[in-house]
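K.L.:
Just remember that the numbering used here sits 55 ahead of the position in the sequence shown, which is counted from 1. Glycine is no exception: its CB is placed at the ideal position from the N, C-alpha and C atoms. Before we start, here is the structure in question, set down as structure tokens.
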Amino acid sequence: MIALLHGAVAASSLGLVVVDVGGVGYQVHVPPGAGVPAVGTEVTLHTHLAVREDALTLYGFLDAAARGLFVAMLSVSGVGPKLALAAIGTLGADGLRRAVITEDVSALTVIPGVGKKSAQRMVLELREKLGASGGGGMAGAPLVPGAPAGARHDVRQALAGLGYAPGEVAAALEPLPDDDGATPEQLLRAALRVLGRK
């Protein structure tokens, strides 16, 4: 699975970006208005690889929390990658998360292709995941003492996106030292090293 890409933006259009990683260009679908840097600048995208019989498609996000929300959206019946991407592009990750948690059906119906019934289904199937589990960064206990809350959340989402179970994530993060200056990338590398030793 391709979970992260870091490289120079080689080309960019609405909803699509090509990232040059070591001379290989990866075409990545991004939410419209995602704020991807201009051509020639460095970018790090947290990605989700969708595998179908006839295609391998990469979807990318500027942070792991947005990717985690995208993956959660895919668990809703009737929601595919295009609709999940449109939802994040229309409301933004925080706005979408807030609309689901507060059961704001009218906000969700602003998303192209989402009617009242679809919006209600999103709320029903996602509210608990995003609210109770802290899956959206709006609730939940810190994962790594001393690390910034955003960094802890990003690492949790990144590891979940890689397919690790919550117990494995907790076990990987527990031995990490307190470090108020740790970035999500540093914490993720350290957690992956712990998981690699098992």
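Is V106 near the ligand COA - that is, is its Cβ less than 8 angstroms away from at least one heavy atom of it?
P.N.:
Annotation note on the ligand COA: not contained in the displayed structure, which lists no ligands.
K.L.:
Alpha carbon to alpha carbon, how far is R122 from F161? Give it in angstroms, no decimals.
P.N.:
The amino acid occupying residue 161 in the given sequence is Ser; Phe does not appear at that position. Distance between the alpha carbons of S161 and R122: 24 angstroms.
K.L.:
Please go through the same chain and pick out, in chain order, the residues whose beta-carbon is closer than 7 angstroms to the beta-carbon of V155, but skip the five residues on each side of it.
P.N.:
Excluding five sequence positions before and after V155, the CB atoms of its chain that fall closer than 7 angstroms to its own CB belong to M177, V178, L181, R182 and L185, given in chain order.
K.L.:
List the endpoints of the continuous beta strand (DSSP E) containing D149.
P.N.:
Element bounds for D149: not the beta strand (DSSP E) but the alpha helix (DSSP H), P136 to I156.
K.L.:
Contact between the segment 163-178 and the segment 134-146: three or more CB pairs below 8 angstroms?
P.N.:
yes
K.L.:
Rounded C-beta distance between T102 and A58? I'm assuming under 8 angstroms.
P.N.:
6 angstroms
K.L.:
Exposed or buried, what is A220 when buried is set at 16 or more other beta-carbons lying within 10 Å of its beta-carbon?
P.N.:
exposed
K.L.:
Using the three-state DSSP reduction, which class does E229 fall into: helix, strand or coil?
P.N.:
coil
K.L.:
Name the DSSP bridge partner or partners of T112?
P.N.:
A105
K.L.:
In three-state DSSP terms, what is S173?
P.N.:
helix
K.L.:
Determine the contact status of A63 and E97, defining contact as a CB-CB distance below 9 angstroms.
P.N.:
yes
K.L.:
Which first and last residues belong to the beta strand (DSSP E) in which A63 is found?
P.N.:
L59 to S68
K.L.:
With a Cβ-Cβ cutoff of 9 angstroms, do V210 and L242 count as a contact?
P.N.:
yes
K.L.:
Return the bridge partner residues of V83 from the DSSP annotation.
P.N.:
V72 and L113
K.L.:
According to DSSP, simplified to helix, strand and coil, what is V131?
P.N.:
Shown here, V131 sits in coil according to DSSP, grouped into three states, outside any helix or strand.
K.L.:
Should V85 and L100 be called a contact, given that it needs their Cβ atoms to be closer than 9 angstroms?
P.N.:
yes
K.L.:
Nearest CA to the CA of G80: which residue from L151, G147 and G95?
P.N.:
G95
K.L.:
Among the residues of its own chain, which have a CB less than 7 angstroms from the CB of G170, if the five just before and after it don't count?
P.N.:
Within the same chain, Cβ atoms closer than 7 angstroms to the Cβ of G170 are found at T164, the five residues on either side in sequence being excluded.
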